[in-house]
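Peer 1: Respectively, the protein sequence lines represent chains F and E. Start counting the first sequence at 70; every next residue gets the next number (the working numbering). Start counting the second sequence at 39; every next residue gets the next number (the working numbering). Just so you know, even glycine gets a beta-carbon here, dropped at the ideal spot from N, CA and C. Bear in mind the structure is a predicted one, so any value in this text is a computation, not a measurement.
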Amino acid sequence: MNQKRRLLVALVLTTAATIALAALLVNVFQRKQEEKQVFFRVVELTDDTDDPAVWGKNFPFQYDAYTRTVDQVRTRFGGSEAIPRTPTKADPRSVVAQSKLEEDPRLKTMWAGYAFAHDFREERGHAYMLEDQTFTQRQIVAKQPGTCLQCHSSVYTAMKKLGDGNLLKGFEQINRMPYDQARALVTHSVTCIDCHAPDTMQLRITRPAFIEGLRALKEHEGVKNYDVNTMATRQEMRSFVCGQCHVEYYFKGPEKRLVYPWAKGLRVDDMLAYYEETQFKDWTHAETGASVLKAQHPEFEMWNQGIHARSGVACADCHMPYKREGAMKISDHHVRSPLLNINRACQTCHKWPEAELKDRVETIQHRTFELRNRAMDAIVALIHDLAAARKGGRSDDALAPARGLQRKAQFMVDFVEAENSMGFHAPQEAARILGEAIDYARQGQLALRGEPTLSR
Amino acid sequence: MNELGGASPQLSILLWAVTLAIGLLIGVGIYTFVYARGGSYLTDRPDACINCHVMREQYAGWIKGSHRSVAVCNDCHTPDGLIDKYAAKAMYGFLHAYAFTTGRFPDEIQITPHMHALTERSCLKCHAPIVEAMTVTGAPHNTPTCLRCHSDVGHQ
């Protein structure tokens with residue numbers, strides 16, 4: 070009997086071991102298969118397929134990650150917080166991001182008289198770009214052109230349709246439209262087709278403003294007739310596709326053409342020089358009467374001045390790092406702050422503990438933030454002095470030098486403020502810009518006192 | 039056989055079942071071992087380390103690294119001595135297989151403190167005569183380690 074029991078136990082154990090082994094065998098088989106098959110083509114994609122869910126049938130892993138940009142996660146100096154709000158008929162959003170105007174009221178002084186002084190919130194993920202642009206209060210206080218949709222929607226197919234296949238013609242038409250009319254032509258936030266060719270999945274540029282901006286920049290650097298879609302390397306494209314939108318821009322002329330001011334270079338000084346030459350202004354400052362400029366999220370330009378760009382590290386290397394799905398290696402389409410993904414984003418190159426890397430980044434950001442606060446104070450002080458002098462009846466001629474310095478200083482502070490890395494993309498450059506901005510504000514105050522300035 | 043066979047037909051059936059089960063286990067075991075290239079792990083060949091794709095970056099880095107012609111993976115990542123070596127192989131083999139099967143490991147793989155120390159010691163297999171004088175004076179903490187500065191000699 071005893072023997073029978075022992076045999077029974079042996080039978081059960083052996084069976085369990087065989088089951089476990091078979092499971093392992095299947096797992097090994099599965100991993101080997103994953104290595105071989107990258108994707109299955111189950112639907113046909115054309116140059117008119119703008120629905121990302123259709124692309125997602127062929128590329129489920131990329132699509133799955135792409136849909137995750139709905140997350141609202143904070144980092145120390147960036148990221149969005151989910152703030153509940155009561156939906157209204159005009160604005161059905163029940164969740165928005167925190168208001169940056171409330172966080173720092175000095176921004177209202179800096180932007181007095183401009184739509185941004187009414188509503189400016191922390192940017193949310195890609196998934197919200199169209200919704201947040203459609204319902205911002207800025208739409209109510211100012212008439213916005215269709216140009217906005219160049220970077221707040223997947224506008225590629227709409228442009229093609231509008232221009233009868235001619236992208237440039239469609240681009241020009243959509244810029245000229247009132248916002249509401251153009252808004253009716255688009256349905257999605259940025260999608261697959263905005264960065265990928267549907268037949269080969271190769272990266273490509275679909276935004277005419279970037280093609281033209283880069284051509285102007287290359288011409289300045291001595292390269293004639295630069296065509297980004299045929300002349301850029303793959304690694305360059307992994308930044309250029311992001312540079313289609315994460316850049317400084319302005320609306321040129323009554324036709325509201327989207328232009329990236331790169332004809333003199335990518336540094337803030339080069340862009341200022343460009344704006345000085347073209348005498349462009351975004352608005353007239355309500356308190357001082359100065360013709361001022363608003364800088365907009367110049368991540369691409371700032372990154373270009375930093376050590377990562379210099380080392381050939383692309384936007385996608387940190388914001389869309391490679392990840393493994395089983396035995397497959399794909400780039401993470403959940404575009405987000407590298408600080409939320411330090412292992413994949415940073416540790417590929419920097420072999421240090423996560424806590425150490427995060428600490429390094431936040432040290433840089435904290436220093437930039439302190440300097441930014443000083444610079445913001447300097448701007449506000451100049452604005453107050455200018456406004457007082459204006460109220461006191463000082464002539465436009467007498468105010469002109471100080472107004473010019475406000476324009477410069479303000480654009481430079483805004484350049485760092487609007488840039489979404491709190492200095493990290495190019496720490497020394499950010500500090501230089503803020504330092505010079507503080508000096509311009511100081512010179513502006515000197516000019517008001519009638520003292521000679523050292524302005525270059 | 040005689041006493042079992044004579045004991046009871048029930049016991050005899052059970053014996054056959056156990057024999058069959060053990061046979062199956064051995065059979066599936068051998069097949070899995072061969073299919074998963076188990077034999078390669080008993081060798082020193084570096085390409086055994088890229089049987090699965092996880093180590094490919096390290097392998098590619100080694101091919102381009104300064105030590106490619108003087109040291110293979112096992113020279114730095116296993117200790118000397120037959121028993122120590124295969125004990126380390128067995129332990130890390132199990133840990134790696136476990137991680138890869140469950141999928142629970144960071145994409146940018148990280149060395150364990152134990153393996154880091156083991157690798158650090160391996161530098162001395164060849165370089166001891168040169169670095170002897172460097173380590174004797176160091177305090178127990180913050181002793182300079184080889185890999186602190188020469189982290190890319192094995193693989194980038």
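In whole angstroms, what is the alpha-carbon distance linking F/Ile274 and F/Met300?
Peer 2: Here residue 274 of chain F is taken as the residue at index 205 of the first sequence, counted from 1. Here residue 300 of chain F is taken as the residue at index 231 of the first sequence, counted from 1. Taking the straight line joining both Cα atoms gives about 12 Å.
Peer 1: Could you check if F/His402 belongs to the surroundings of the ligand ATP, using beta carbon to heavy atom distance under 6 Å?
Peer 2: You won't find the ligand ATP in this model; it holds no ligand whatsoever.
Peer 1: Could you tell me whether any Cβ in chain F is nearer than 7 Å to the Cβ of E/Thr139?
Peer 2: Counted from its first residue, the second sequence places residue 139 of chain E at position 101. So yes, E/Thr139 belongs to the interface.
Peer 1: Given F/Asp173, which residues of its chain have a CB within under 6 Å of its CB, disregarding the five upstream and five downstream residues?
Peer 2: Translated into the one-based positions of the first sequence, residue 173 of chain F becomes position 104. Excluding positions up to five away in sequence, the list is empty.
Peer 1: I'd like the span of the alpha helix (DSSP H) that includes E/Phe132, first residue to last.
Peer 2: Counting from 1 along the second sequence, the entry for residue 132 of chain E is found at position 94. Where E/Phe132 is concerned, the enclosing alpha helix (DSSP H) stretches over 120-140.
Peer 1: Should F/Val97 be flagged as near chain A, meaning a C-beta pair shorter than 7 Å?
Peer 2: Among the protein chains of the structure shown, namely F and E, there is no chain A.
Peer 1: I think F/Leu362 touches F/Phe480, with their Cβ atoms under 8 Å apart; what is that distance to the nearest whole Å?
Peer 2: Counting from one through the first sequence, the residue named residue 362 of chain F turns up at place 293. Counting from one through the first sequence, the residue named residue 480 of chain F turns up at place 411. Confirmed, about 4 Å.
Peer 1: Here's the rule: buried if 16 or more other CB atoms are within 10 angstroms of the residue's CB, otherwise exposed. What is F/Gln202?
Peer 2: Reading the first sequence from its first residue, position 133 is the one you call residue 202 of chain F. So F/Gln202 ends up on the buried side.
Peer 1: Ignore the nearest five residues each way along the sequence and tell me which others in F/Gln213's own chain have a CB closer than 6 Å to its CB.
Peer 2: As a working note, residue 213 of chain F is residue 144 in the first sequence. Cβ within range, chain order: Tyr248.
Peer 1: Please determine, among F/Ala359, F/Arg175, F/Ala151, the residue with the shortest C-alpha to C-alpha distance to F/Ala166.
Peer 2: For the purposes of this step, residue 166 of chain F is identified with residue 97 of the first sequence, where counting begins at 1. Considering only alpha carbons, the answer is F/Ala151.
Peer 1: For F/Pro161, is the classification buried or exposed, using 16 other Cβ atoms within 10 angstroms of its Cβ as the cut-off for buried?
Peer 2: Stepping through the first sequence from its first residue, residue 161 of chain F is reached at position 92. Label assigned to F/Pro161: exposed.
Peer 1: Using the C-alpha atoms, what's the distance from F/Phe98 back to F/Glu431?
Peer 2: As a first step, residue 431 of chain F must be located in the first sequence, where it is residue number 362. As a first step, residue 98 of chain F must be located in the first sequence, where it is residue number 29. Inter-residue distance for F/Glu431 and F/Phe98 is about 44 Å (C-alpha atoms, whole angstroms).
Peer 1: What is the DSSP secondary structure of F/Met543, counted as helix, strand or coil?
Peer 2: Because chain F here runs from 70 to 525, residue 543 of chain F falls outside it and cannot be looked at.
Peer 1: Of the residues E/Cys90, E/Cys111, E/His91, which one's Cα is nearest the Cα of E/Trp231?
Peer 2: Only positions 39 to 194 of chain E appear in this structure, which leaves residue 231 of chain E out of reach.
Peer 1: What does the alpha-carbon distance come out to for the pair F/Lys287 and F/Lys293?
Peer 2: Along the first sequence, one-based indexing puts residue 287 of chain F at 218. Along the first sequence, one-based indexing puts residue 293 of chain F at 224. Between F/Lys287 and F/Lys293, the alpha-carbon positions lie close to 7 Å from each other.
Peer 1: Taking Cβ-Cβ distances shorter than 7 Å, what residues in chain F pair up with E/Leu53?
Peer 2: Sequence index remark: in the second sequence, residue 53 of chain E carries index 15 (1-based). Below the 7 Å Cβ cutoff, chain F contributes Leu76 as neighbours of E/Leu53, in chain order.
Peer 1: For F/Arg143, which beta-bridge partners are listed by DSSP?
Peer 2: Here residue 143 of chain F refers to the residue found at position 74 when the first sequence is read from its first residue. In the DSSP output, where bridge partners are listed per residue, F/Arg143 has F/Gly148.
Peer 1: Taking DSSP as the reference, what is the three-state secondary structure of F/Met397?
Peer 2: Here residue 397 of chain F is taken as the residue at index 328 of the first sequence, counted from 1. Note: F/Met397 maps to strand in three-state DSSP.
Peer 1: Consult DSSP for F/Arg518 and reduce its assignment to one of helix, strand or coil.
Peer 2: Here the question's residue 518 of chain F lines up with position 449 in the first sequence. Correct three-state label for F/Arg518: coil.
Peer 1: At what residues does the alpha helix (DSSP H) containing F/Lys105 begin and finish?
Peer 2: Looking up residue 105 of chain F in the first sequence gives position 36. Where F/Lys105 is concerned, the enclosing alpha helix (DSSP H) stretches over 71-105.
Peer 1: So F/Tyr319 is in the beta strand (DSSP E); what residue range does that whole segment cover?
Peer 2: Along the first sequence, one-based indexing puts residue 319 of chain F at 250. 319-321 is the span of the beta strand (DSSP E), which, as asked, contains F/Tyr319.
Peer 1: Output yes or no for whether 7 Å exceeds the beta carbon distance between F/Ile448 and F/Ala478.
Peer 2: Here residue 448 of chain F corresponds to residue number 379 of the first sequence, with the count starting at 1. Here residue 478 of chain F corresponds to residue number 409 of the first sequence, with the count starting at 1. Note that the C-beta distance between F/Ile448 and F/Ala478 is below 7 Å.
Peer 1: Just reading off the beta strand (DSSP E) that F/Val328 is part of, what are its end residues?
Peer 2: Sequence index remark: in the first sequence, residue 328 of chain F carries index 259 (1-based). That run of the beta strand (DSSP E) goes 326-328.
Peer 1: Taking three-plus beta-carbon pairs below 8 Å as touching, is the region 338-345 of chain F in contact with the region 263-283 of chain F?
Peer 2: no
Peer 1: Give me whichever residues DSSP pairs with F/Tyr197 in a beta bridge.
Peer 2: Counting from 1 along the first sequence, the entry for residue 197 of chain F is found at position 128. BP columns for F/Tyr197 are empty, so no partner.
Peer 1: Can you name the residues that DSSP bridges to F/Arg190?
Peer 2: For the purposes of this step, residue 190 of chain F is identified with residue 121 of the first sequence, where counting begins at 1. Its beta-bridge partners are F/Ser168.
Peer 1: CA-CA distance, F/Thr155 and F/Leu170?
Peer 2: Mapped onto the first sequence, residue 155 of chain F falls at position 86. Mapped onto the first sequence, residue 170 of chain F falls at position 101. So the alpha carbons of these two residues sit roughly 19 Å apart.
Peer 1: Which residues of the region 183-206 of chain F have a Cβ closer than 7 Å to any Cβ of chain E? Give them in chain order.
Peer 2: none
Peer 1: Please say whether F/Trp331 and F/Ala359 have beta carbons closer to each other than 7 Å?
Peer 2: The residue you call residue 359 of chain F lines up with position 290 of the first sequence. The residue you call residue 331 of chain F lines up with position 262 of the first sequence. No, the Cβ-Cβ distance between F/Ala359 and F/Trp331 is not below 7 Å.
Peer 1: By Cβ distance, which residues of its chain are closer than 7 Å to E/Thr183, with the 5 residues on each side in sequence left out?
Peer 2: On the second sequence, residue 183 of chain E is found 145 positions in, with the first residue counted as 1. The beta carbon of E/Thr183 sits closer than 7 Å to the beta carbons of Glu158 from its chain, once the five residues preceding and following it are set aside; these are given in chain order.
Peer 1: So with Cβ pairs under 7 Å, would you call F/Leu529 a contact of chain E?
Peer 2: With chain F covering only 70 through 525, there is no way to say anything about residue 529 of chain F.
Peer 1: Give a yes or no on whether 7 Å exceeds the smallest Cβ distance from F/Asn412 to chain E.
Peer 2: Here residue 412 of chain F refers to the residue found at position 343 when the first sequence is read from its first residue. Yes, contact with chain E.
Peer 1: Shortest alpha-carbon distance to F/Thr544 belongs to which of F/Ile262, F/Asp233, F/Gln206, F/Leu237?
Peer 2: Since the first residue of chain F shown is 70 and the last is 525, residue 544 of chain F is not available in this structure.
Peer 1: Could you give the DSSP three-state label for F/Pro214: helix, strand or coil?
Peer 2: Position 145 of the first sequence, counted from the first residue, corresponds to residue 214 of chain F. Of the three classes helix, strand and coil, the one that applies to F/Pro214 here is strand, per DSSP.
Peer 1: The alpha helix (DSSP H) spanning F/Asn127 covers which residue range?
Peer 2: Taking the first sequence and counting its residues from 1, one reaches residue 127 of chain F at position 58. Residues 121-127.
Peer 1: Quick one: is F/Lys220 buried, meaning 16 or more other Cβ sit within 10 Å of its Cβ, or exposed?
Peer 2: Against the first sequence, residue 220 of chain F aligns to sequence position 151. First, the amino acid is wrong: residue 220 of chain F is Cys here, not Lys. Under this definition F/Cys220 is a buried residue.
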